[in-house]
Structure formats: C-alpha cells, structure tokens
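Chemist:
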Amino acid sequence: MTVDSLITETASRLFAEQCTHSAIQLAEAEGGAPGIWSAFAETGFPWISLPEEAGGSGGTLLDALEVLRLVGYYAAPIPAAETGILGGWLLASAGLELPEGIVTVAPGSRADTLMIDGDGNASGSVHNVPWGRHAERLAIVRDGLVASIPVAGAHVEHATSLAGEPRDTLTFTNASSDRAAAPAGVDEESLRFRGALSRVALMAGAIEKMSQLTVSYTNEREQFGRPVAKFQAVQQHLVWASQDAALARMAAESAGRQANRGDARFEIASSKLVVNQAATRATKACHQAHGAMGMTQEYELHHSSRRLWAWRSEYGGVREWSNWVGDAAIEAGADGLYPLITGGSNL
49 MTVDSLITET ASRLFAEQCT HSAIQLAEAE GGAPGIWSAF AETGFPWISL PEEAGGSGGT
109 LLDALEVLRL VGYYAAPIPA AETGILGGWL LASAGLELPE GIVTVAPGSR ADTLMIDGDG
169 NASGSVHNVP WGRHAERLAI VRDGLVASIP VAGAHVEHAT SLAGEPRDTL TFTNASSDRA
229 AAPAGVDEES LRFRGALSRV ALMAGAIEKM SQLTVSYTNE REQFGRPVAK FQAVQQHLVW
289 ASQDAALARM AAESAGRQAN RGDARFEIAS SKLVVNQAAT RATKACHQAH GAMGMTQEYE
349 LHHSSRRLWA WRSEYGGVRE WSNWVGDAAI EAGADGLYPL ITGGSNL
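Numbering (the numbering used here), first residue to last: 49 to 395.
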C-alpha cells in the first residue's frame with residue numbers, strides 16, 4: 049500500500065504557501081498559528097487515517113504519516129500529530145465523539161497527577177501537553193478506559209519547547225469527562241509507541257529540509273572565488289547530512305508500513321533510536337557547513353534544527369529506546385537475533 053500522491057501534492061502546496069519564514073517566527077512569538085491551522089483543517093488533513101463513520105477523513109496511517117513528514121519538512125507550527133494519529137485515534141478507537149477543534153494528549157510525565165473518579169470527574173495535572181492552550185479536548189487512556197476531557201475549564205500554565213511550540217501544564221478540578229472502554233491494543237504503551245512513530249515522521253521531514261537547505265546554501269555562497277560546496281571539508285558535511293536524511297526517511301517509511309499492517313513495536317523502537325541519532329549528526333553537519341549564518345533568526349535553518357532537538361526527546365530518547373531494543377535482542381537470544389532483525393514485529 050502506498051501514499052496517495054494527491055495528498056503529498058496538496059499538503060506540500062498548502063504548507064509552501066502558509067509556512068513562510070515570517071509566519072513561523074510569528075507563531076513562535078504568539079504561541080500558535082491559527083491561520084495556518086484553519087487552512088490545514090479545511091482540507092481535512094488533521095483527521096486522515098480516522099474512519100469516516102467516526103467523523104474522520106478516512107485514509108490510511110501511511111497517509112497520515114506522510115502529512116506529518118511534510119509538517120516536519122515545512123516546520124508547520126500546528127498540532128497535526130496530536131489531533132490526528134494520537135488524540136483523534138484514541139477517541140475514534142473508543143467510539144467517542146471527535147470534536148471539530150484541536151485534540152491533544154498527555155505524553156506521560158512522572159509529575160502527572162490527573163485522576164478520574166467513578167463519576168467521570170477529572171482532577172489533577174498533566175505536564176508537557178503539546179498545544180494544550182489551544183486544544184478543545186484532552187484525550188487520555190487510563191486503566192482500560194479512554195477519556196475525553198474539555199480543556200476550556202482547565203488552568204493552563206504556559207510553557208514552550210526548544211522549538212518555541214506550546215508544551216503546557218493543564219490542571220483540572222472536577223472536570224466532567226466522556227469515557228468509554230478502550231478496545232484491545234489501545235493503552236498507555238500503544239499511545240507511547242504511536243507517539244514515537246509520529247516524532248519519527250516529523251523528524252524525517254525536518255532532516256530532509258535541513259539537508260536540502262545546506263546543499264543550496266553552500267552552492268550559493270562563495271569563498272576564494274568558488275562555492276564553498278567545492279571544498280572537501282564542506283563536502284564531507286553535505287554527505288553526512290544527506291546520508292542521515294536518507295536514513296531517517298527509510299526508517300520512518302519502514303516503521304510506518306509495518307504499523308499500517310499491525311504490531312510494529314520493534315520497528316518503531318528501532319526507527320526512533322535511529323532517527324534520534326541521525327538528528328544529532330545531521331544538525332552538527334548542517335550547522336557547521338552554514339557557519340554563523342545557521343545561528344541567525346533571519347535564516348530558516350533553526351526552524352528545523354530546534355524542532356529536531358525538541359522532538360528527539362519526546363516519546364523516548366536515545367537511552368530509553370536503546371534499552372528497549374537491547375532487551376528485545378537479549379530476550380530473542382543468540383539463535384533468535386537474526387530472525388528478530390529480519391522479521392521484527394512479525395515474529
């Protein structure tokens with residue numbers, strides 16, 4: 049199964065028009081981009097991969113991941129992942145109503161205290177909530193139940209990620225929630241893996257954009273009478289960035305295809321680890337090739353690199369996913385290691 053090319057073309061055109069340098073800078077200053085979100089929502093893109101009978105736009109998970117890749121490529125300052133394949137997925141899976149506005153999720157923090165009593169009233173706090181101040185509903189999964197909580201009555205403490213995107217703390221006091229039983233395969237662990245997959249797709253797009261910017265810049269800038277891209281030391285940086293862009297996209301597509309078929313925990317864990325590492329190397333290479341220009345607010349490289357460094361720590365960093373993959377290899381044993389690598393979650 050492949051992605052509909054019309055989705056790629058339409059989303060690329062939309063983001064190219066909307067996500068200008070000034071629009072992204074303004075979004076960071078104001079904590080959101082309602083105009084970009086409205087244009088995005090009008091296309092139905094936020095709800096791709098969610099069933100039409102549940103209020104979604106239809107399509108596959110691969111379609112949704114392709115949109116997320118383009119969100120990352122254009123540094124679109126919108127809650128695409130949270131509204132669609134994370135929060136929207138939770139609500140649609142449990143048969144709960146999808147709102148017309150933004151849905152967000154609590155990614156999980158040791159500091160979270162949110163509890164829901166037997167009457168469905170939510171009290172407590174959740175932290176690092178993406179785009180929390182703009183959300184209509186918070187979707188959570190706890191103890192075999194999916195809950196949809198209105199954000200309107202919550203106390204919102206503003207915070208931002210390294211990328212300048214909202215990562216807020218929401219505190220509820222006896223907030224009424226809608227609840228339903230979580231179906232098989234929908235729990236806190238599956239949400240975490242799905243969140244990691246969303247970040248892999250976003251990061252693959254951002255690394256690709258960062259690599260392309262670097263190639264363009266080094267071919268345009270001249271030193272000693274020739275483009276700096278002709279210097280061997282710079283060419284090495286370009287090769288590293290291009291390699292990591294290709295590696296990240298391949299890892300994202302592999303994990304996405306497997307997730308579209310079913311269980312993909314091994315592929316998602318491996319891809320998050322690989323792409324986290326690729327982001328570190330590619331950022332170093334691209335910024336070194338750009339020199340001081342890459343650090344300026346007036347140039348767009350930082351829109352990609354700061355998002356990469358924010359996303360790489362969300363839904364598990366290098367240490368967590370290294371441990372997970374290592375534990376899976378140990379459990380497989382010497383005889384099962386090669387089948388694990390080649391078969392992954394199909395075993």
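Even glycine gets a Cβ: it sits at the ideal position worked out from N, Cα and C.
Remember, predicted model here, so these are calculated numbers, not experimental data.
Specify the secondary structure class of R269 as computed by DSSP and reduced to three states.
Modeler: Numbered from its first residue, the sequence shown carries residue 269 at position 221. It is coil, neither helix nor strand.
Chemist: Going by DSSP, what residues sit across from M163 in a beta bridge?
Modeler: As a first step, residue 163 must be located in the sequence shown, where it is residue number 115. According to DSSP, which records beta bridges pairwise, M163 is partnered with S171.
Chemist: Could you give the first and the last residue of the continuous alpha helix (DSSP H) run that contains L210?
Modeler: Start at 1 with the first residue of the sequence shown, and residue 210 comes out as number 162. Segment: none, L210 is in no alpha helix (DSSP H) and carries neither H nor E.
Chemist: Ignoring anything shorter than 4 residues, give me the alpha helix (DSSP H) runs that lie fully in the segment 210–294, in order along the chain.
Modeler: Segments of the alpha helix (DSSP H) lying fully in the segment 210–294: 236–268.
Chemist: Does DSSP put L98 in a helix, a strand or coil?
Modeler: Mapped onto the sequence shown, residue 98 falls at position 50. Here L98 sits in coil by DSSP.
Chemist: Got a sec, what are the start and stop residues for the beta strand (DSSP E) L118 sits in?
Modeler: As a first step, residue 118 must be located in the sequence shown, where it is residue number 70. Premise fails: L118 lies in the alpha helix (DSSP H), 109–121, not in any beta strand (DSSP E).
Chemist: How many whole angstroms separate the CB atoms of C334 and M251, which I take to be in contact at a CB cut-off of 8 Å?
Modeler: Taking the sequence shown and counting its residues from 1, the one referred to as residue 334 is at position 286. Taking the sequence shown and counting its residues from 1, the one referred to as residue 251 is at position 203. Going by Cβ atoms, the distance from C334 to M251 rounds to 14 Å, so no, they are not a contact pair.
Chemist: Please check the pair R227 and A195, which I expect to be a contact at CB under 8 Å, by giving their CB distance rounded to whole angstroms.
Modeler: By 1-based counting over the sequence shown, the position of residue 227 is 179. By 1-based counting over the sequence shown, the position of residue 195 is 147. Right, their Cβ atoms sit about 5 Å apart.
Chemist: For A106, which beta-bridge partners are listed by DSSP?
Modeler: In the sequence shown, residue 106 corresponds to position 58, counting from 1. Per the sequence presented here, residue 106 reads as Gly, with Ala not at that position. BP columns for G106 point to I96.
Chemist: Which residue's Cα is closest to the Cα of L109: R190, E301, L62?
Modeler: Sequence index remark: in the sequence shown, residue 109 carries index 61 (1-based). Per the Cα distances, E301.
Chemist: Going by DSSP, what residue range makes up the beta strand (DSSP E) through A87?
Modeler: Your numbering for residue 87 matches position 39 in the sequence shown. Counting along the chain, A87 falls outside any beta strand (DSSP E), though it belongs to the alpha helix (DSSP H) covering 82–90.
Chemist: Here's the rule: buried if 16 or more other CB atoms are within 10 angstroms of the residue's CB, otherwise exposed. What is N324?
Modeler: As a working mapping, residue 324 is identified with position 276 in the sequence shown. N324 is buried by the Cβ-count criterion.
Chemist: Suppose the cutoff is 6 Å on Cβ atoms and the five residues either side in sequence are ignored; what does the same chain contact list for G79 look like?
Modeler: The residue labelled residue 79 in the question sits at position 31 within the sequence shown. Within the same chain, G79 has close Cβ partners P214.
Chemist: Distance check for L210 and G149, CA to CA, integer angstroms please.
Modeler: Reading the sequence shown from its first residue, position 101 is the one you call residue 149. Reading the sequence shown from its first residue, position 162 is the one you call residue 210. Whole-angstrom Cα-Cα distance: 25 Å.
Chemist: Determine the extent of the alpha helix (DSSP H) in which V189 is found, giving its start and end residues.
Modeler: Looking up residue 189 in the sequence shown gives position 141. Unbroken run through V189 is the beta strand (DSSP E), 185–190; no alpha helix (DSSP H).
Chemist: List the whole-angstrom C-beta distance separating S225 from L134, where the pair is believed to meet the contact cut-off of C-beta under 8 Å.
Modeler: Start at 1 with the first residue of the sequence shown, and residue 225 comes out as number 177. Start at 1 with the first residue of the sequence shown, and residue 134 comes out as number 86. So it is not a contact: roughly 17 Å between Cβ atoms.
Chemist: Taking the beta strand (DSSP E) that P198 falls in, what are its first and last residues?
Modeler: As a working note, residue 198 is residue 150 in the sequence shown. Residues 193–198.
Chemist: Hey, how far is the Cα of S264 from the Cα of H338?
Modeler: The residue you call residue 264 lines up with position 216 of the sequence shown. The residue you call residue 338 lines up with position 290 of the sequence shown. The straight-line gap from Cα to Cα measures roughly 10 Å.
Chemist: Could you compute how far the alpha carbon of L54 sits from the alpha carbon of L261?
Modeler: Position 6 of the sequence shown holds residue 54. Position 213 of the sequence shown holds residue 261. In a straight line, the C-alpha of L54 is about 25 Å away from that of L261.
Chemist: Evaluate T161 with the Cβ neighbour count: other Cβ atoms within 10 Å of its Cβ, from every protein chain shown; 16 or more gives buried, anything less gives exposed.
Modeler: Taking the sequence shown and counting its residues from 1, the one referred to as residue 161 is at position 113. Classification for T161: exposed.
Chemist: Okay, do the segment 286–302 and the segment 347–366 touch, 3+ Cβ pairs below 8 Å being the bar?
Modeler: Cβ pair count under 8 Å is below three, so no.
Chemist: Using only CA atoms, which one of R190, Q280, A129 lies nearest to W85?
Modeler: As a position in the sequence shown, residue 85 is number 37, starting the count at 1. Nearest option by C-alpha distance: A129.
Chemist: For T68, report the span of its beta strand (DSSP E) as first-last.
Modeler: Residue numbering aside, residue 68 sits at position 20 when the sequence shown is read from its first letter. Run containing T68: none; DSSP gives neither H nor E here.
Chemist: Kindly give me the distance between the Cβ atoms of A327 and I255, rounded to whole angstroms, as I take these residues to be in contact under 8 Å.
Modeler: Position 279 of the sequence shown holds residue 327. Position 207 of the sequence shown holds residue 255. Contact holds; Cβ gap of about 6 Å.
Chemist: Let me confirm a value: G121 is counted as buried when at least 16 other C-beta atoms fall within 10 Å, else exposed. Which label applies?
Modeler: Counting from one through the sequence shown, the residue named residue 121 turns up at place 73. Looking at the sequence provided, one finds Tyr at residue 121 rather than Gly. Buried, since its Cβ has 16 or more Cβ neighbours within 10 Å.
Chemist: Cβ atoms of A75 and P125: under 7 Å apart, would you say?
Modeler: On the sequence shown, residue 125 is found 77 positions in, with the first residue counted as 1. On the sequence shown, residue 75 is found 27 positions in, with the first residue counted as 1. In this structure, A75 lies closer than 7 Å to P125 by Cβ.
Chemist: What is the rounded straight-line gap between the Cα of A89 and the Cα of E379?
Modeler: Stepping through the sequence shown from its first residue, residue 89 is reached at position 41. Stepping through the sequence shown from its first residue, residue 379 is reached at position 331. A89 and E379: Cα-Cα distance of roughly 44 Å.
Chemist: Tell me the rounded alpha-carbon separation between Q284 and T266.
Modeler: As a first step, residue 284 is located in the sequence shown; it is residue number 236 there, counting from the start. As a first step, residue 266 is located in the sequence shown; it is residue number 218 there, counting from the start. Cα to Cα, Q284 sits roughly 12 Å from T266.
Chemist: If you follow the beta strand (DSSP E) that T152 is part of, which residue opens it and which one closes it?
Modeler: The residue you call residue 152 lines up with position 104 of the sequence shown. Segment 151–153, the beta strand (DSSP E) holding T152.
Chemist: Looking at C-alpha atoms only, which residue of G132, G304, V177, D52 is the closest neighbour of P147?
Modeler: Within the sequence shown, the letter at position 99 stands for residue 147. The option with the nearest alpha carbon to P147 is G132.
Chemist: Roughly how many angstroms lie between the CA atoms of D216 and R240, to the nearest whole one?
Modeler: By 1-based counting over the sequence shown, the position of residue 216 is 168. By 1-based counting over the sequence shown, the position of residue 240 is 192. Taking the straight line from one Cα to the other gives about 18 Å.
Chemist: If you count every other CB in all the chains shown that lies within 10 Å of the CB of P387, and 16 or more means buried, which is it?
Modeler: Here residue 387 refers to the residue found at position 339 when the sequence shown is read from its first residue. Label assigned to P387: exposed.
Chemist: Quick check on this structure: which residue in T344, S370, T331, Q345 has the alpha carbon closest to the alpha carbon of L356?
Modeler: Counted from its first residue, the sequence shown places residue 356 at position 308. Selected option, being the one with the closest Cα: T331.
Chemist: Please report the Cβ distance between A183 and V151, rounded to the nearest whole angstrom; I am assuming they are in contact, meaning their Cβ atoms lie under 8 Å.
Modeler: Here residue 183 corresponds to residue number 135 of the sequence shown, with the count starting at 1. Here residue 151 corresponds to residue number 103 of the sequence shown, with the count starting at 1. The pair is a contact, with the Cβ atoms about 6 Å apart (cut-off 8 Å).
Chemist: G364 and A207: beta carbons closer than 7 Å?
Modeler: Here residue 364 refers to the residue found at position 316 of the sequence shown. Here residue 207 refers to the residue found at position 159 of the sequence shown. Going by C-beta atoms, G364 is not nearer than 7 Å to A207.
Chemist: Using CA coordinates, which residue listed in L116, G136, A77 is at the minimum distance from A59?
Modeler: Your numbering for residue 59 matches position 11 in the sequence shown. When each option's Cα is compared against that of A59, the closest is L116.
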